[in-house]
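As they're listed, the protein sequences go chains U and Y. Counted from 1, the first sequence has number 141 at position 141 by our numbering; the numbering is strictly sequential. Counted from 1, the second sequence has number 113 at position 113 by our numbering; the numbering is strictly sequential. Glycine residues also receive a C-beta, built at the ideal position from the N, C-alpha and C atoms. For clarity, every value in this text was computed on a predicted model and none was experimentally measured. A short write-up of the structure that comes next.
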Amino acid sequence: MRNSNTPWSMVRFGNIEREINEMLGHLRPDAQPVRATRGLHLGQDEHNVYVELIAPGLKADAFEITYEDQVLTIKGERKSQPEDVVRVLHKERFEGNFERKVKVGVTVNADAIRAEYRAGILNITLPKAEAVKPRRIDVQSA
Amino acid sequence: MSNECVTSNCGIEAAPRSEAVVLEPSADIFETAEAYQLTVDVPGATAEAVTAQVENGLLRVTAEANLSEGRPTLERPAERVRYERRFRLGKGVDDAGIAASLNDGVLTLRVPKAEASKPRRIEVISQN
């Protein structure tokens with residue numbers, strides 16, 4: 001589904017709900033009837049398109065981020081088990097490889113894409129190309 | 001018994017919404033030779049916003065995250081999240097020795113085993 005107000009669309013949805021539940025947890029029964037915070041958040045302003053991925057427990061160098069043909073791809077692997085484990089008593093957290101793709105529907109300056117990882121949240125900033133930024137048109141008095 | 005009205009018009013009014021969305025975060029429990037390790041996903045949480053308390057044999061862990069902090073407004077279903085998870089502790093743990101650390105949005109709690117339940121090496125005595 002493509003919303004005409006947003007300049008992106010998900011290329012591959014996959015089992016996003018399951019992964020989100022595993023990465024973020026389940027909404028408590030006594031909580032507000034608001035959907036749990038989703039794993040992938042998108043936004044934009046006049047300068048940039050922003051992509052935020054909730055992905056706790058990785059290292060910055062465990063992400064592989066590529067941009068090609070207006071598609072941003074985020075790959076990563078999460079390992080969650082300590083090495084000296086004798087027994088696994090309970091397992092809920094996501095472990096393994098994941099991949100997310102976002103089709104960015106505006107032209108961005110691919111060389112200037114920045115990514116930052118903090119507190120388990122990956123933030124990617126895609127600067128819009130000059131040609132697609134809004135500009136003010138002065139009206140000349142005749 | 002007093003019949004005083006709580007609402008302004010003695011009818012019904014909505015209670016204020018709590019500010020943060022409450023989530024029960026995903027957790028793993030591992031056992032090592034010396035301790036149990038609890039691993040809880042709390043993305044966005046800072047160390048100051050984490051609490052861990054033991055009461056009546058329950059370990060209660062909470063954390064708070066403000067997802068919008070310092071970041072541009074994105075289309076998020078919730079900006080503030082409160083994580084809350086409880087673990088029942090058995091007799092085999094030393095609840096006074098629990099230590100917690102927070103890294104990359106993951107809270108790790110080390111719960112030492114009580115001395116009596118640690119594995120111990122049994123010496124085999126040769127009869128010769």
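Taking 9 angstroms as the threshold (beta carbon to beta carbon), is Pro127(U) in contact with chain Y? no
Between Asn103(Y), Leu58(Y), Pro119(Y), Glu123(Y), which has its C-alpha nearest Thr46(Y)'s C-alpha? Asn103(Y)
Assigned secondary structure, Gly43(U) (DSSP; H/G/I helix, E/B strand, else coil): strand
Counting contacts by CB-CB distance shorter than 9 angstroms, is Ile124(U) in contact with chain Y? no
How do the stretch 107–120 of chain U and the stretch 42–60 of chain Y stand: do at least 3 beta-carbon pairs fall below 8 angstroms, yes or no? yes
Kindly indicate which three-state DSSP category Glu106(U) falls into: helix, strand or coil? The amino acid at residue 106(U) is misidentified as Glu; the sequence shows Val. Coil.
Residue range of the beta strand (DSSP E) that Glu62(U) falls in? According to the sequence displayed, residue 62(U) carries Ala and not Glu. Careful: Ala62(U) lies outside any beta strand (DSSP E) and carries neither H nor E.
Are the C-beta atoms of Phe63(U) and some chain Y residue less than 9 angstroms apart? no
So the candidates are Val139(U), Gln44(U), Ile65(U), Asp69(U); which of them puts its Cα closest to the Cα of Glu99(U)? Ile65(U)
May I ask you to list, following chain order, the residues of the stretch 16–35 of chain Y that have a beta carbon less than 8 angstroms from some beta carbon of chain U? Arg17, Ser18, Val21, Val22, Leu23, Glu24, Pro25, Ser26, Ala27, Asp28, Ile29, Phe30, Glu31, Thr32, Ala33
Kindly identify the DSSP beta-bridge partner or partners of Gly76(U). Phe63(U), Phe98(U)
Between the alpha carbons of Val106(U) and Glu46(U), how many angstroms are there, rounded? 11 angstroms
Within chain Y, partners of Leu42(U) - CB distance below 7 angstroms: Leu74, Glu75
Three or more C-beta pairs closer than 8 angstroms, one from the stretch 114–126 of chain Y and one from the stretch 83–101 of chain Y: is that the case here? yes
Is it the case that the Cβ atoms of Arg85(Y) and Thr62(Y) are separated by a distance below 9 angstroms? yes
Nearest to Val104(U) by alpha carbon, out of Asp84(U), Thr73(U), Lys133(U)? Thr73(U)
Cβ of Asp104(Y) less than 9 angstroms from any chain U Cβ? yes
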